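S.K.:
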Amino acid sequence: MNWTWFHKLGSPKWFYQWASNWGGRCVYLGLALLVIGIIWGLGFAPADYQQGNSFRIIYIHVPVAVLAQSCYLGMGIAGFVALVWQMKLAPVFIKSVAPVGAVMAFIALVSGAIWGKPTWGTWWVWDARLTSVLVLFLLYMGVIAIQNAIDDQVFADKAVAVVSLVGVINLPIIKYSVEWWNTLHQPATFKLTEKPSMPMEMWLPLLFSALGLYLFAAGLAMWRMQNEVLVRERKASWVKKEVLEHGV
Amino acid sequence: MKDLWIERGERDLCRHLTFSVQSGELVRIAGENGAGKSSLMKSILGWLHFAEGTLEFNGEDVTQHRDMLLQNQLYLGHTPGIKNVFTALENLKLYCPDAAEDDLEQALVQVQLGAFADTPAAQLSAGQKRRIALARLWLTDKALWFLDEPFTALDVKGVEALEKRMSEHLSVGGAIVITTHQPLLNLSPKVIELAA
Amino acid sequence: MNYRSYFKAEWLSLLRRKQDTLNALLFFVMVITLFPLGVDPSADFLAPAAGGIIWCATALSVLMAVEGMYKEDYNDGSLEQWLVSGLSVTLLVFLKVLAQWLIVVVPLMIVLPILAQMLFLPMSVLGVVMLSILLGTPALFFIGSIGAALTVSLRRGAVLMLLLILPLYIPVIVFATGAIRAAQLEMAYSGQLAILAAISLVALALSPVMAAISIRASVN
Numbered sequence: 001m002n003w004t005w006f007h008k009l010g011s012p013k014w015f016y017q018w019a020s021n022w023g024g025r026c027v028y029l030g031l032a033l034l035v036i037g038i039i040w041g042l043g044f045a046p047a048d049y050q051q052g053n054s055f056r057i058i059y060i061h062v063p064v065a066v067l068a069q070s071c072y073l074g075m076g077i078a079g080f081v082a083l084v085w086q087m088k089l090a091p092v093f094i095k096s097v098a099p100v101g102a103v104m105a106f107i108a109l110v111s112g113a114i115w116g117k118p119t120w121g122t123w124w125v126w127d128a129r130l131t132s133v134l135v136l137f138l139l140y141m142g143v144i145a146i147q148n149a150i151d152d153q154v155f156a157d158k159a160v161a162v163v164s165l166v167g168v169i170n171l172p173i174i175k176y177s178v179e180w181w182n183t184l185h186q187p188a189t190f191k192l193t194e195k196p197s198m199p200m201e202m203w204l205p206l207l208f209s210a211l212g213l214y215l216f217a218a219g220l221a222m223w224r225m226q227n228e229v230l231v232r233e234r235k236a237s238w239v240k241k242e243v244l245e246h247g248v
Numbered sequence: 001m002k003d004l005w006i007e008r009g010e011r012d013l014c015r016h017l018t019f020s021v022q023s024g025e026l027v028r029i030a031g032e033n034g035a036g037k038s039s040l041m042k043s044i045l046g047w048l049h050f051a052e053g054t055l056e057f058n059g060e061d062v063t064q065h066r067d068m069l070l071q072n073q074l075y076l077g078h079t080p081g082i083k084n085v086f087t088a089l090e091n092l093k094l095y096c097p098d099a100a101e102d103d104l105e106q107a108l109v110q111v112q113l114g115a116f117a118d119t120p121a122a123q124l125s126a127g128q129k130r131r132i133a134l135a136r137l138w139l140t141d142k143a144l145w146f147l148d149e150p151f152t153a154l155d156v157k158g159v160e161a162l163e164k165r166m167s168e169h170l171s172v173g174g175a176i177v178i179t180t181h182q183p184l185l186n187l188s189p190k191v192i193e194l195a196a
Numbered sequence: 001m002n003y004r005s006y007f008k009a010e011w012l013s014l015l016r017r018k019q020d021t022l023n024a025l026l027f028f029v030m031v032i033t034l035f036p037l038g039v040d041p042s043a044d045f046l047a048p049a050a051g052g053i054i055w056c057a058t059a060l061s062v063l064m065a066v067e068g069m070y071k072e073d074y075n076d077g078s079l080e081q082w083l084v085s086g087l088s089v090t091l092l093v094f095l096k097v098l099a100q101w102l103i104v105v106v107p108l109m110i111v112l113p114i115l116a117q118m119l120f121l122p123m124s125v126l127g128v129v130m131l132s133i134l135l136g137t138p139a140l141f142f143i144g145s146i147g148a149a150l151t152v153s154l155r156r157g158a159v160l161m162l163l164l165i166l167p168l169y170i171p172v173i174v175f176a177t178g179a180i181r182a183a184q185l186e187m188a189y190s191g192q193l194a195i196l197a198a199i200s201l202v203a204l205a206l207s208p209v210m211a212a213i214s215i216r217a218s219v220n
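Next comes the structure, spelled out in structure tokens:
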């Protein structure tokens, strides 16, 4: 396997230029897919035979919930990379992605509650997956809180790396424990590995909005990382050149 | 015994600094407040990271793994690592578990704490606590000493005793790296100047 | 300094600070007292909830005990001496947590039967409660030591530490109370206890490494 890309990621300059090319494209393509997916899902996909139209919130809820988990997984991996290989970009990634993930977890909670009202009759039930998203949200807030509490950058980078990594190791245990503790929620609707149990015309818009949201978030993360890289590398000559030529 | 380091720190504090410490040599790191004297010491000991540069000990590269260096040195920092709940003797014993009871007491006598051996450190002054930590210098067989502002809070007698012990250590082939604002009375160090 | 002298000293210093141990214990009793007062003092409520109440109080008092575990070492320069001692910081963390665990959990076990009576916990279940605390609290201590190491140099670290660490305590509380509930219903509970032991072992293996990294980052 060719590891050049991995080593290149160690160079903030290389990343900055790469992200300048791809960040915008990701955001706009993602936004377009997301809009298509949501309009399709909300306006044109058939209603569910049990839940009626209220199920349509799935087109927001599921992509957001899955993304919230993926973001944390990514942060955990970045934490590991930061601690083992001391790669400069890994803490930047964690710092940039944490707020995005926290917002996703929050939207997942709110949309889940809104979905719960017509389906279960209450805004909140202590079911396994709602609870684990709540815990996920708390884990995100922990990362953000410690990031903000520490002034020294080297220390802050180490701290968020440790917290993310420990959180990722715990996340499956937490999920498993909460699931074991209570299962009321319907089983997962979205599995890539299995044949979808919902009809194609319901499932495709979901795929669109999920893909769109992933791309959108990736682009957003790149933008945030670019900003962070500029601040951190402000003493490097390439940053001065960049700012002088293109402005900020 | 031969001690040799080459360090080229490329931190903001010091750029392209190269120096070595030989056996029997006293090196004083000088500089204004905030020049990075303590930081330099801490990065040599491996708990601050330096961006570039290598560190050699006895001719071997120890930049990545400081174990060999750490096992041959004794470091005393700004805060001396003395526990309030322990007596002077117990504190010393924690750091020098293999020393005999008599030797421990003798070391305390050397730093004029003979009468306070069984006094809890909580009741001792800052200077006395520092002297407990300094008493380790009379018990150690480590070749290399890192002393970060060892004279702080010491009285004249304490300074004298410490300088005497330092010159003894140098004469048997030890090496000392020291930071201090006070002039050394009887010792002539090699000075490394750090710009602020 | 070597590992033996360190552990002896750590243990001695904990023994000398009896008040800290007593405080953790009193805190534990206080939290438990709040439940009958705040929710319902009848046996109908307390007996089934006793396991949960005991475990919430345990988790909180462990956090209180662990939160400041490095504070003094940080302030008096002992942590610096850890880093330059040539000893493994990971192992020193392990020894420290071990000492802390002993000093908190042993007294807890002694008062537990009395508190269990006050919560109308059936005697037959008491054994499971104690076993769950023996098997589960090491995880609480080891995970908590990471948070303590991360926040030791921060001025208002305590609340942050609670925020960081409490979510990670959820699995331990879930399986411990699950075991107790199963025992109350006279069902098999060994599975949950085994999971508790497994979580503690994983925490024991990984946490000292993480705490050591955090200590290195904190001391500078």
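Protein sequences, first through last, are from chains A, B and C.
Just so we're aligned, residue 1 is where the first sequence starts under UniProt numbering, counting upward by one.
Just so we're aligned, residue 1 is where the second sequence starts under UniProt numbering, counting upward by one.
Just so we're aligned, residue 1 is where the third sequence starts under UniProt numbering, counting upward by one.
No residue lacks a Cβ here, since even glycine has one placed at the ideal position from N, Cα and C.
This one's a predicted model, so the numbers in the text were calculated from it and none came from an experiment.
Just checking: is the beta-carbon of B:Leu45 within a distance shorter than 7 Å of some beta-carbon in chain C?
M.R.: Position 45 of the second sequence, counted from the start, is the residue given in the question as residue 45 of chain B. Taking Cβ atoms only, chain C reaches closer than 7 Å to B:Leu45, which makes this a yes.
S.K.: Inspect the beta-carbon positions of C:Ile170 and A:Ile169 and report whether they are closer than 7 Å.
M.R.: Taking the third sequence and counting its residues from 1, the one referred to as residue 170 of chain C is at position 170. Taking the first sequence and counting its residues from 1, the one referred to as residue 169 of chain A is at position 169. Contact: no.
S.K.: Go through its chain and collect everything with a Cβ distance to A:Ala32's Cβ below 6 Å, but skip five positions before and after it.
M.R.: Here residue 32 of chain A refers to the residue found at position 32 of the first sequence. If we look at A:Ala32 and ignore the five residues flanking it on each side, it has no Cβ neighbours.
S.K.: Measuring only the C-alpha atoms, how far is B:Val177 from C:Gly86?
M.R.: Counted from its first residue, the second sequence places residue 177 of chain B at position 177. Counted from its first residue, the third sequence places residue 86 of chain C at position 86. Their Cα atoms are separated by approximately 18 Å.
S.K.: Per DSSP, what kind of secondary structure is A:Lys88 in: helix, strand or coil?
M.R.: Stepping through the first sequence from its first residue, residue 88 of chain A is reached at position 88. In this structure, A:Lys88 counts as coil in the three-state DSSP scheme.
S.K.: Please determine, among A:Ala108, A:Ala68, A:Trp180, A:Tyr16, the residue with the shortest C-alpha to C-alpha distance to A:Ile60.
M.R.: Working through the first sequence from its first residue, we reach residue 60 of chain A at position 60. Selected option, being the one with the closest Cα: A:Ala108.
S.K.: Would a check of beta-carbon distances place C:Gln81 closer than 7 Å to chain B?
M.R.: The residue given as residue 81 of chain C occupies position 81 in the third sequence. So yes, C:Gln81 belongs to the interface.
S.K.: At what residues does the beta strand (DSSP E) containing B:Gly31 begin and finish?
M.R.: On the second sequence, position 31 is the one that residue 31 of chain B refers to. Taken as a continuous stretch (DSSP letters only), the beta strand (DSSP E) holding B:Gly31 covers 26-31.
S.K.: Are A:Met222 and A:Gly23 close, meaning C-beta to C-beta below 7 Å?
M.R.: Counting from 1 along the first sequence, the entry for residue 222 of chain A is found at position 222. Counting from 1 along the first sequence, the entry for residue 23 of chain A is found at position 23. It is a contact, given that the beta carbons lie within the stated cut-off.
S.K.: If we call anything under 7 Å between Cβ atoms a contact, is B:Gly24 one with B:Gly173?
M.R.: For this step, residue 24 of chain B is matched to residue 24 along the second sequence. For this step, residue 173 of chain B is matched to residue 173 along the second sequence. A contact, by the Cβ cut-off of 7 Å.
S.K.: Could you run through the segment 89-115 of chain A and flag, in chain order, every residue whose CB is less than 7 Å away from some CB of chain C?
M.R.: Listed by position along the chain: nothing, the set is empty.
S.K.: From the DSSP secondary-structure annotation, give me the bridge partner or partners of B:Val191.
M.R.: Here residue 191 of chain B corresponds to residue number 191 of the second sequence, with the count starting at 1. Paired residue(s): B:Arg28.
S.K.: Using beta carbons (cut-off 7 Å, strictly below), is C:Leu154 in contact with chain A?
M.R.: In the third sequence, the residue the question calls residue 154 of chain C occupies position 154. True, the Cβ-Cβ gap to chain A drops below 7 Å.
S.K.: Does the beta-carbon of A:Val243 have 16 or more other beta-carbons within 10 angstroms, so that it is buried, or is it exposed?
M.R.: Your numbering for residue 243 of chain A matches position 243 in the first sequence. The residue is exposed, with fewer than 16 neighbouring Cβ atoms inside 10 Å.
S.K.: Going by DSSP in three states, B:Ile82 sits in which element: helix, strand or coil?
M.R.: One-based indexing of the second sequence puts residue 82 of chain B at position 82. Here B:Ile82 sits in coil by DSSP.
S.K.: Does chain C have any CB closer than 7 Å to the CB of B:Leu144?
M.R.: Stepping through the second sequence from its first residue, residue 144 of chain B is reached at position 144. False, the Cβ-Cβ gap to chain C never drops below 7 Å.
S.K.: Out of curiosity, what's the CA-to-CA distance linking C:Leu134 and C:Val105?
M.R.: Working through the third sequence from its first residue, we reach residue 134 of chain C at position 134. Working through the third sequence from its first residue, we reach residue 105 of chain C at position 105. For C:Leu134 and C:Val105, the distance between alpha carbons rounds to 8 Å.
S.K.: Could you list which residues in chain C have their beta carbon closer than 8 Å to that of A:Phe181, in chain order?
M.R.: For this step, residue 181 of chain A is matched to residue 181 along the first sequence. It is Trp, not Phe, that sits at residue 181 of chain A in the sequence shown. Within chain C, the residues near A:Trp181 are Val174, Gly178.
S.K.: Considering only the beta carbon of each residue, do C:Phe27 and C:Val97 sit closer than 7 Å?
M.R.: The residue labelled residue 27 of chain C in the question sits at position 27 within the third sequence. The residue labelled residue 97 of chain C in the question sits at position 97 within the third sequence. Not in contact: C:Phe27 and C:Val97 (Cβ atoms no closer than 7 Å).
S.K.: Check the DSSP bridge columns for A:Asp157 and list the partner residues they point to.
M.R.: Locating residue 157 of chain A in the first sequence gives position 157, counting from the first residue. None; A:Asp157 has no bridge partner.
S.K.: Expressed to the nearest angstrom, what Euclidean distance is found between the alpha-carbon atoms of A:Val160 and C:Gly147?
M.R.: Residue mapping note: residue 160 of chain A aligns to position 160 of the first sequence, counting from 1. Residue mapping note: residue 147 of chain C aligns to position 147 of the third sequence, counting from 1. Cα to Cα, the separation comes out at about 11 Å.
S.K.: According to the Cβ coordinates, are B:Ala88 and B:Ala107 closer than 7 Å?
M.R.: Here residue 88 of chain B is taken as the residue at index 88 of the second sequence, counted from 1. Here residue 107 of chain B is taken as the residue at index 107 of the second sequence, counted from 1. Taking 7 Å as the Cβ cut-off, B:Ala88 and B:Ala107 do not qualify as a contacting pair.
S.K.: Does the CB of A:Leu139 have a neighbour CB from chain C at under 7 Å?
M.R.: In the first sequence, the residue the question calls residue 139 of chain A occupies position 139. Yes, contact with chain C.
S.K.: Can you tell me which of the three DSSP states A:Ile150 falls into?
M.R.: The residue you call residue 150 of chain A lines up with position 150 of the first sequence. Looking at A:Ile150 - three-state DSSP - the assignment turns out to be coil, as it is neither helix nor strand.
S.K.: For C:Trp101, is the classification buried or exposed, using 16 other Cβ atoms within 10 angstroms of its Cβ as the cut-off for buried?
M.R.: Position 101 of the third sequence, counted from the start, is the residue given in the question as residue 101 of chain C. Counting Cβ neighbours within 10 Å, C:Trp101 comes out buried, since at least 16 surround it.
S.K.: Given this structure, state the Cα-to-Cα distance separating C:Gly68 from C:Ala158, to the nearest angstrom.
M.R.: Position 68 of the third sequence holds residue 68 of chain C. Position 158 of the third sequence holds residue 158 of chain C. Near 8 Å, if we compare the C-alpha coordinates of C:Ala158 and C:Gly68.
S.K.: Use the C-beta contact count for A:Tyr28: other C-beta atoms within 10 angstroms, 16 or more gives buried, fewer gives exposed.
M.R.: Translated into positions along the first sequence, residue 28 of chain A becomes position 28. By the neighbour-count rule (16 or more Cβ atoms within 10 Å), A:Tyr28 is not buried but exposed.
S.K.: Under 7 Å, do A:Tyr140 and A:Ala98 count as touching if we go by C-beta distance?
M.R.: Working through the first sequence from its first residue, we reach residue 140 of chain A at position 140. Working through the first sequence from its first residue, we reach residue 98 of chain A at position 98. Yes. Within cutoff.
S.K.: Answer yes or no: does any C-beta atom of chain C fall closer than 7 Å to that of A:Val135?
M.R.: Residue numbering aside, residue 135 of chain A sits at position 135 when the first sequence is read from its first letter. A:Val135 counts as touching chain C.
S.K.: Closer than 7 Å by C-beta to C:Leu83: which residues in its own chain qualify, once you throw out the five before and the five after it? Chain order, please.
M.R.: Walking along the third sequence from the start, residue 83 of chain C turns up at place 83. Cβ neighbours of C:Leu83 beyond the five flanking positions: Val89, Arg216, Val219.
S.K.: I want to verify the contact list: residues of chain B whose CB lies under 9 Å from the CB of C:Met1, in sequence order.
M.R.: The residue you call residue 1 of chain C lines up with position 1 of the third sequence. Near C:Met1 (Cβ distances below 9 Å), the residues of chain B are Leu94, Tyr95, Cys96, Pro97.
S.K.: May I ask you to list the residues that DSSP assigns as paired with B:Thr179?
M.R.: By one-based count along the second sequence, residue 179 of chain B stands at place 179. According to DSSP, which records beta bridges pairwise, B:Thr179 is partnered with B:Ile29, B:Asp148.
S.K.: Kindly indicate if chain A contains any beta-carbon less than 7 Å away from that of C:Leu171.
M.R.: Translated into the one-based positions of the third sequence, residue 171 of chain C becomes position 171. The sequence shown places Pro at residue 171 of chain C, rather than the Leu named in the question. C:Pro171 counts as touching chain A.
S.K.: What did DSSP end up calling A:Gln17 once you bin it into helix, strand or coil?
M.R.: Walking along the first sequence from the start, residue 17 of chain A turns up at place 17. A:Gln17 falls in the helix class under three-state DSSP.
S.K.: Could you work out which residue in B:Gln64, B:Gly59, B:Asn33 is closest to B:Leu48 when comparing CA atoms only?
M.R.: Against the second sequence, residue 48 of chain B aligns to sequence position 48. The residue with the shortest Cα to Cα distance from B:Leu48 is B:Gln64.
S.K.: Contact criterion: CB-CB distance below 7 Å. Does C:Ile146 meet it with respect to chain A?
M.R.: Translated into positions along the third sequence, residue 146 of chain C becomes position 146. Yes, C:Ile146 lies at the interface with chain A (some Cβ there is under 7 Å from its Cβ).
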